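Only one structure is covered here, and it is reproduced in the block below.
2 protein chains.
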Amino acid sequence: MPAPALIFASNSDDPVAWGAALRALMPELEVRVWPETGRVEDVVAALVWRHPDGALNAFPNLKLVVNLGAGVDPIFADPHLPRNIPIVRLVDPELTRGMTEYVVLHVLALHRRLPELAEAQRAARWHYIHPADTRRTRVGLMGLGNLGGHAADMLARIGFQVSGWSRTPKQVAGVDCFHGRDQLPAFLKDCDIVVCLLPLTAATENLIDAGVFAHMRDGTAFVNAGRGRVVVDDALLAALDSGRVRHAVLDVFRDEPLPADHRYWRHPRVTMTPHNATAGYPETAAPQIVDNIRRVLAGQAPVNVVDRAAGY
Amino acid sequence: MPAPALIFASNSDDPVAWGAALRALMPELEVRVWPETGRVEDVVAALVWRHPDGALNAFPNLKLVVNLGAGVDPIFADPHLPRNIPIVRLVDPELTRGMTEYVVLHVLALHRRLPELAEAQRAARWHYIHPADTRRTRVGLMGLGNLGGHAADMLARIGFQVSGWSRTPKQVAGVDCFHGRDQLPAFLKDCDIVVCLLPLTAATENLIDAGVFAHMRDGTAFVNAGRGRVVVDDALLAALDSGRVRHAVLDVFRDEPLPADHRYWRHPRVTMTPHNATAGYPETAAPQIVDNIRRVLAGQAPVNVVDRAAGY
Numbered sequence: 001m002p003a004p005a006l007i008f009a010s011n012s013d014d015p016v017a018w019g020a021a022l023r024a025l026m027p028e029l030e031v032r033v034w035p036e037t038g039r040v041e042d043v044v045a046a047l048v049w050r051h052p053d054g055a056l057n058a059f060p061n062l063k064l065v066v067n068l069g070a071g072v073d074p075i076f077a078d079p080h081l082p083r084n085i086p087i088v089r090l091v092d093p094e095l096t097r098g099m100t101e102y103v104v105l106h107v108l109a110l111h112r113r114l115p116e117l118a119e120a121q122r123a124a125r126w127h128y129i130h131p132a133d134t135r136r137t138r139v140g141l142m143g144l145g146n147l148g149g150h151a152a153d154m155l156a157r158i159g160f161q162v163s164g165w166s167r168t169p170k171q172v173a174g175v176d177c178f179h180g181r182d183q184l185p186a187f188l189k190d191c192d193i194v195v196c197l198l199p200l201t202a203a204t205e206n207l208i209d210a211g212v213f214a215h216m217r218d219g220t221a222f223v224n225a226g227r228g229r230v231v232v233d234d235a236l237l238a239a240l241d242s243g244r245v246r247h248a249v250l251d252v253f254r255d256e257p258l259p260a261d262h263r264y265w266r267h268p269r270v271t272m273t274p275h276n277a278t279a280g281y282p283e284t285a286a287p288q289i290v291d292n293i294r295r296v297l298a299g300q301a302p303v304n305v306v307d308r309a310a311g312y
Numbered sequence: 313m314p315a316p317a318l319i320f321a322s323n324s325d326d327p328v329a330w331g332a333a334l335r336a337l338m339p340e341l342e343v344r345v346w347p348e349t350g351r352v353e354d355v356v357a358a359l360v361w362r363h364p365d366g367a368l369n370a371f372p373n374l375k376l377v378v379n380l381g382a383g384v385d386p387i388f389a390d391p392h393l394p395r396n397i398p399i400v401r402l403v404d405p406e407l408t409r410g411m412t413e414y415v416v417l418h419v420l421a422l423h424r425r426l427p428e429l430a431e432a433q434r435a436a437r438w439h440y441i442h443p444a445d446t447r448r449t450r451v452g453l454m455g456l457g458n459l460g461g462h463a464a465d466m467l468a469r470i471g472f473q474v475s476g477w478s479r480t481p482k483q484v485a486g487v488d489c490f491h492g493r494d495q496l497p498a499f500l501k502d503c504d505i506v507v508c509l510l511p512l513t514a515a516t517e518n519l520i521d522a523g524v525f526a527h528m529r530d531g532t533a534f535v536n537a538g539r540g541r542v543v544v545d546d547a548l549l550a551a552l553d554s555g556r557v558r559h560a561v562l563d564v565f566r567d568e569p570l571p572a573d574h575r576y577w578r579h580p581r582v583t584m585t586p587h588n589a590t591a592g593y594p595e596t597a598a599p600q601i602v603d604n605i606r607r608v609l610a611g612q613a614p615v616n617v618v619d620r621a622a623g624y
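Chains as they are written, first to last, in this note's numbering: chain A, 1 to 312; chain B, 313 to 624.
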């Protein structure tokens, strides 16, 4: 039997680093970089980020598709995506840790009113703001999967009250959990800071609209580190202009890079980051990928499989 | 015997809130607000922040002076400070937690290059910066007392490598500890971000001078949440201008409020906060104060006594 091969297809990630990390754990694996497929029959796994449409149909023995990122929505953009091959999420402890870092940073920045303090500094004005009481400040996480659960835990350790909202019921220690559209108003009404980590699916596209902002308290702060298309931009801009949302921190956008004429760039109540909330690391992600390759080669089901109907 | 009394002398703190928190735990305590001393013989304890010079000499039965803040340097500014009465630090778990929050916030902001990202946003420029590897980033804390130890623990939980430097030898789990002037260069040379939490004493005044900045790596980030007079401002400005220090976050200053013409205000590599890194809370600080009052009334030594020779 020829050595099993993996096809790597990403313009944003380093094939040398990924290849080295995978082969360190599975020396018999051949790593080939798209479009150099070699003998297509050898390819059993694909590691992809925004792969070319139809590329995955070239491999008759493909048994596994691994998404090179937390959000799998780019995979479903391929209209020719093979139907029967399991797609798995990248579950990388460093990618998770990076997102927690981002959430903690921007929740604390909003809690400590850094945008107002920056404005005072620009005016050379000593503007004392007493630190708000963290124990009486509630952060609400939309999305309670691997990323949301980890961030919730660190926010609770720091001292915040934490709520969470998810599509399906979840239980997370120390987190007041809500689920489903019906419970969204009850979740939102007590939050001082709302953080969106939702995946982009048919159910979440444009979910955060004027109606959702209407359920927030006046002066709520908002962070979006999920996907841009989950938020209706005009609704967020209206909520910022009315003061319903006092400040928004945005890492993700409907179109990326965001066009230079978009209102977000110069809005005084918007802080933007260039979709860099977190990133995967080959050496910490490789064990899960190799484990899944070994599973499918042994005829077992891989772990962290995406539910195609739910879209995540 | 008349009820024991406490004299409260601070223009920055709320005497009603402090009185209520103390009397909730010690209903027999009378709380009097300076200058309404009442019968001076009743006063056994003083709770002060920047009290008037000589004020503490009015009370013949004074047995305890509690400083309403983490740094006790304002108390020693009184040339008539009674010599034989123990001075104790406020050890308030919420004040400690607040400082950790500040340190975590600004270390993450520097780690994630928020100043550069803000500049890119002002130019409507999509400027992708890959998140630096936290596991390979070292934060150095100058000062490893109650505040530094707590902050070090949270930084390690978040994923940073952590070093600490203190006057006397300390051991903190998960922290590479250095002490004394001789070990300062070895401590500094491996740090990516240096955080000063040192108290102001005769030994720390102007400690962070050109020589100290010379021992840092090029591009080190610096946070001062200790005391302004620990840093030689001209040396820091020179280090910022040369790039030795890539960015400074300053909460404390030689003179506060900082005069509007000071270079720090408009320096592009300086982020300022108005000495609001943390604050004490009456309800969480009161137990330690009441415990100390009971101790001195029973003839016992109080806890958390300031070492007058060391100045902290």
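Where is the CB? At the ideal position from N, CA and C, for every residue including glycine. Treat the numbers as computed from the prediction; the structure is a model and nothing was measured.
Where residue i meets chain B, residues with beta-carbon distance less than 9 Å
i, result
"E101 of chain A", "L420, H423, R424, P443, T446, I470, G471"
"L90 of chain A", "Neighbours of L90 of chain A on chain B: none; closest Cβ ~16 Å, over 9 Å."
Beta-carbon proximity check, residue i vs residue j, cutoff 8 Å
i, j, result
"V139 of chain A", "V195 of chain A", "yes"
"A332 of chain B", "M411 of chain B", "no"
"L552 of chain B", "R529 of chain B", "no"
"G38 of chain A", "T201 of chain A", "no"
"L62 of chain A", "V44 of chain A", "yes"
"T284 of chain A", "D92 of chain A", "yes"
"L368 of chain B", "P394 of chain B", "yes"
"P29 of chain A", "I293 of chain A", "For clarity, residue 29 of chain A is Leu in the given sequence; the question names Pro instead. In contact: L29 of chain A and I293 of chain A (Cβ atoms closer than 8 Å)."
"D332 of chain A", "S163 of chain A", "Any property of residue 332 of chain A remains undetermined from this structure, which presents chain A solely from 1 to 312."
"R244 of chain A", "T220 of chain A", "yes"
"H106 of chain A", "V223 of chain A", "yes"
"R607 of chain B", "P614 of chain B", "yes"
"E413 of chain B", "T271 of chain A", "no"
"A124 of chain A", "A430 of chain B", "no"
"V343 of chain B", "L318 of chain B", "yes"
"A358 of chain B", "V377 of chain B", "yes"
Partner residues on chain A for residue i, Cβ-Cβ distance less than 8 Å
i, result
"L570 of chain B", "W126"
Interface partners of residue i on chain B, CB under 8 Å
i, result
"W49 of chain A", "Those do not exist, as W49 of chain A stays about 14 Å from chain B at its closest Cβ, beyond 8 Å."
"L117 of chain A", "M584, T585, P586"
Proximity test, residue i beta-carbon vs the ligand COA heavy atom, cut-off 7 Å
i, result
"A46 of chain A", "The ligand COA is not part of the structure shown, which contains no ligands of any sort."
Contact set between residue i and chain B, taken where Cβ atoms lie within less than 7 Å
i, result
"N276 of chain A", "Y440, I441, H442, P443"
"G98 of chain A", "P443"
"Q121 of chain A", "W577, M584"
Span of the alpha helix (DSSP H) around residue i
i, result
"T220 of chain A", "First-last for T220 of chain A: 220-224, but that is the beta strand (DSSP E), not the alpha helix (DSSP H)."
"W330 of chain B", "327-337"
"F525 of chain B", "522-527"
"H111 of chain A", "93-111"
"L236 of chain A", "233-242"
Nearest-angstrom Cβ-Cβ length linking residue i and residue j, presumed shorter than 8 Å
i, j, result
"H527 of chain B", "L509 of chain B", "Not confirmed; about 18 Å, so no contact."
"L90 of chain A", "G280 of chain A", "6 Å"
"A315 of chain B", "D354 of chain B", "7 Å"
"I399 of chain B", "V618 of chain B", "4 Å"
"D390 of chain B", "H423 of chain B", "At roughly 41 Å, the Cβ-Cβ gap does not stay under 8 Å, so D390 of chain B and H423 of chain B are not in contact."
"V230 of chain A", "M154 of chain A", "Their Cβ separation, rounded to whole angstroms, is 22 Å, which puts V230 of chain A and M154 of chain A out of contact at 8 Å."
"L147 of chain A", "A70 of chain A", "6 Å"
"V602 of chain B", "L334 of chain B", "6 Å"
"D255 of chain A", "V232 of chain A", "Not a contact, Cβ separation roughly 14 Å."
"G149 of chain A", "G226 of chain A", "Not quite, the Cβ-Cβ distance comes to about 14 Å (not below 8 Å), so this is no contact."
"T449 of chain B", "D504 of chain B", "5 Å"
Within chain A, partners of residue i - CB distance below 9 Å
i, result
"V416 of chain B", "V104, L105, L108, I158"
"T449 of chain B", "Result: empty, since nearest Cβ-Cβ is about 11 Å, beyond 9 Å."
Segment limits, beta strand (DSSP E) that includes residue i
i, result
"I193 of chain A", "193-196"
"V72 of chain A", "Segment: none, V72 of chain A is in no beta strand (DSSP E) and carries neither H nor E."
"W361 of chain B", "355-361"
"F320 of chain B", "317-322"
"H559 of chain B", "557-562"
"N373 of chain B", "Per DSSP, N373 of chain B belongs to no beta strand (DSSP E) and is neither H nor E."
7 Å Cβ cut-off: residues of chain A touching residue i
i, result
"A537 of chain B", "None at all; the shortest Cβ gap to chain A is about 12 Å."
"A591 of chain B", "H130, P131"
Worksheet item: Which whole runs of the beta strand (DSSP E) in the region 565-617 of chain B are 3 residues long or more, in chain order?
Response: 582-584
Item to complete: Give, in chain order, every residue of the region 16-30 of chain A whose Cβ lies closer than 8 Å to some Cβ of chain C.
Response: Absent from the structure is chain C; the protein chains it does hold are A and B.
Item to complete: Let me know the beta strand (DSSP E) ranges lying completely inside the region 120-199 of chain A, each 3 residues or longer, listed in chain order.
Response: 138-142, 161-166, 176-179, 193-196
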